[in-house]
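Here the structure is laid out as structure tokens; the discussion comes afterwards.
Below, the structure is given as structure tokens:
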């Protein structure tokens, strides 16, 4: 999948607010890409725009999203319906509100598969078995209603669902945020293992740099609707070039870090109504110069596949 | 190992004997009845209880930061609420500044001059229809502190100590006019205004955006170092605990699994559960911390027999399934409850 210069705006009280402002990145086959950012950075809007699931007041004003040579922003709804689940599937954040409380999960699996696949009853069963096995979801729990399952089990059910039509890309929006730390690790490890076995690509949307650093090959740091840094995770973590990424990495304490010093970033992330002119990070940036208040910095090439947005990389 | 300097404040050499006990929690229990339907009553099924905390004891010394850590259902928040008087304990006692408090005395008003609490969601801390000043003035009025003119000044001082400067530009705002980070600072200010000796902070940064967490954490650290205010920090995040806490109390299903000096407990945990929590933290050395606990947190209603952690523990044997472990001492002020405690070798594989 390739996202090029994506711009998304929301219409609010007769004004257009730009939530995503020229975002480009790509997800290669069998790669895990992490989109990390704070609330309001536009990370979830990117995912919704890709799947054309934006709310009614949201609108893609510019840009292209290509998936397997198809243009997702413009293709007709019927073709898109095929790509959802079969080409790209999504693991939502809140597992309780994403599963029908009135149906056994097994029924949901069957319905989804029937809508996309016309095989015999045995073939349907075989596919479901494979998906639940991949997601480490106990088969007997297909008889359960969502409320009978723990949070971790429900999340595994959603992961199994996302694997049902053997998609090439899975988009996971904060897949483990609602879970306890130990279960979070179990699920992330399982997703990693699963990805290796089926060679699917993964796009994780999260606020948690820890998750990206451990489970993603490529890291995309977003701020105020823009990509501030992009590159191989290792490289970005060890050699961040945009001041925002630098400070963000220093602002979180690390377990067993003996320095015990964390850096405060003054101020707050900007609201969509009031994104500063020039570089959006300028009011919070300790290195800001006069040019930063006037011109929007370009996404500068650092090396290989590593880019950072700053006038002074 | 000596404590490294943090946030520009050099460590003060002090031994335990110089710090005095502020709060002692003894065998605290809090059970909630589970509502039963007509069918249950007709069937005369057993009366069920949720054992949120089930015999928790620890002490809090003046001017130290204590971390209550564990997963959901561990009872860490209930413990904080009970000390604060927001929940009435089923049994047990709380001794505050050498004064034993009966269950009846544990009401929000009684301790609130000395003990204050801040919550995870700063938006729920404030009445959205009141300005910060109205909230402050009400707190001070109830506390019976200061004249009207004094109260304004006290509130301004608290706000600026919490990092909202100039305080004059914040005090007459409504909560909706502040960002999440500013609001959490304002919540800390409402706690500071009565000069508490103990602050109970329930996941104070977990709802805040990554870039504003550091500021709130450093604020808490500063208040502790400068004002000698003790803090009971409730958190699920061990990296936050590592950064802030002097002592750790690790809880699992209503009981303490391990407690002791934070750095020692984290570097060489004796309880497998502590090790599992560390192993689940991001960016730790995976060759040393490869300990994965099985399954998920059990139920507070059907507690496992014997050690509560045994269904998830890879080291569990027959004794763990039968007998609840008793306290064992691992070092000065450090104890754990486990039949098969970890050694360093065990973790290294």
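Residue numbers (this note's numbering), protein chains in the order written: chain A, 1 to 313; chain B, 1001 to 1349.
Ideal Cβ positions, reconstructed from N, Cα and C, are used throughout, including at glycine.
Taking CB atoms only, residue 280 (chain A) has no neighbour in chain B less than 7 Å away. Under the three-state reduction of DSSP output, residue 1194 (chain B) falls in the coil class, being neither helix nor strand. According to the DSSP assignment, residue 85 (chain A) belongs to the alpha helix (DSSP H) that extends over 77 to 86.
In the displayed model, residue 207 (chain A) falls within coil according to three-state DSSP, outside both helix and strand. Not a single CB atom of chain B sits nearer than 7 Å to the CB of residue 139 (chain A). Straight across, the Cα-Cα distance linking residue 1053 (chain B) with residue 1078 (chain B) is about 7 Å.
Secondary structure of residue 1257 (chain B) (DSSP, three-state): strand. When rounded, the separation of the alpha-carbon atoms in residue 162 (chain A) and residue 138 (chain A) is 16 Å. Of all alpha-carbon atoms in B:1242, B:1270, B:1102, the one lying nearest the alpha-carbon of residue 1284 (chain B) is that of B:1242. At least one CB of chain B lies nearer than 7 Å to the CB of residue 214 (chain A).
For residue 1066 (chain B), the closest C-alpha among the options B:1021, B:1209, B:1338, B:1315 is that of B:1021. Between residue 109 (chain A) and residue 83 (chain A), the C-beta gap is not smaller than 7 Å, which leaves the two residues out of contact.
With contacts defined as CB atoms closer than 7 Å, residue 1230 (chain B) and residue 1087 (chain B) fail to qualify as a contacting pair. Spanning the alpha carbons of residue 1215 (chain B) and residue 262 (chain A) requires a straight line of approximately 9 Å. Put simply, the CB of residue 1271 (chain B) is far from chain A, with every gap to its CB atoms at 7 Å or more. By the C-beta criterion, the segment 227 to 243 of chain A is judged not to be in contact with the segment 56 to 67 of chain A, since fewer than 3 inter-stretch pairs fall below 8 Å. Around the beta carbon of residue 1091 (chain B), fewer than 16 other beta carbons sit within 10 angstroms, so the residue counts as exposed.
DSSP, reduced to helix, strand and coil, places residue 1280 (chain B) outside both helices and strands of the structure shown, so it counts as coil. Residues of chain B with a Cβ closer than 9 Å to the Cβ of residue 211 (chain A) are, in chain order, 1282. The alpha carbon of residue 1291 (chain B) has as its nearest neighbour, out of B:1321, B:1342, B:1334, the alpha carbon of B:1342. Straight through space, the alpha carbons of residue 255 (chain A) and residue 1124 (chain B) are spaced by roughly 30 Å. Across the structure, residue 186 (chain A) and residue 144 (chain A) are spaced so that their CA atoms are roughly 21 Å apart. Rounded to whole angstroms, residue 1161 (chain B) and residue 1246 (chain B) show a C-alpha spacing of 23 Å.
Around the beta-carbon of residue 1224 (chain B), 16 or more other beta-carbon atoms lie within 10 Å, marking it buried. Here residue 287 (chain A) is exposed: its Cβ has fewer than 16 other Cβ atoms, across all protein chains shown, within 10 Å. In its chain, beyond the 5 residues on either side, 1128 have a beta carbon closer than 7 Å to the beta carbon of residue 1176 (chain B). Residue contact check for residue 260 (chain A) against chain B: a CB pair falls below 7 Å. The beta carbon of residue 266 (chain A) sits closer than 6 Å to the beta carbons of 284 from its chain, once the five residues preceding and following it are set aside; these are given in chain order.
Secondary-structure assignment with DSSP links residue 173 (chain A) through a beta bridge to A:205. Chain-ordered, the chain A residues with CB closer than 8 Å to the CB of residue 1293 (chain B) read 182.
For the set A:307, A:167, A:182, the Cα lying nearest the Cα of residue 235 (chain A) is the one of A:307. The Cβ of residue 1218 (chain B) sits closer than 7 Å to at least one Cβ of chain A. Runs of alpha helix (DSSP H) with 4 or more residues, each lying fully within the segment 1260 to 1317 of chain B, are found at 1262 to 1267, 1272 to 1279, listed in chain order.
Contact check for residue 89 (chain A) against residue 198 (chain A) fails: the beta carbons are separated by 7 Å or more.
C-alpha of residue 1336 (chain B) to C-alpha of residue 177 (chain A): approximately 30 Å in a straight line. Between the segment 1156 to 1171 of chain B and the segment 1192 to 1209 of chain B, the count of C-beta pairs closer than 8 Å reaches three or more; the two stretches touch.
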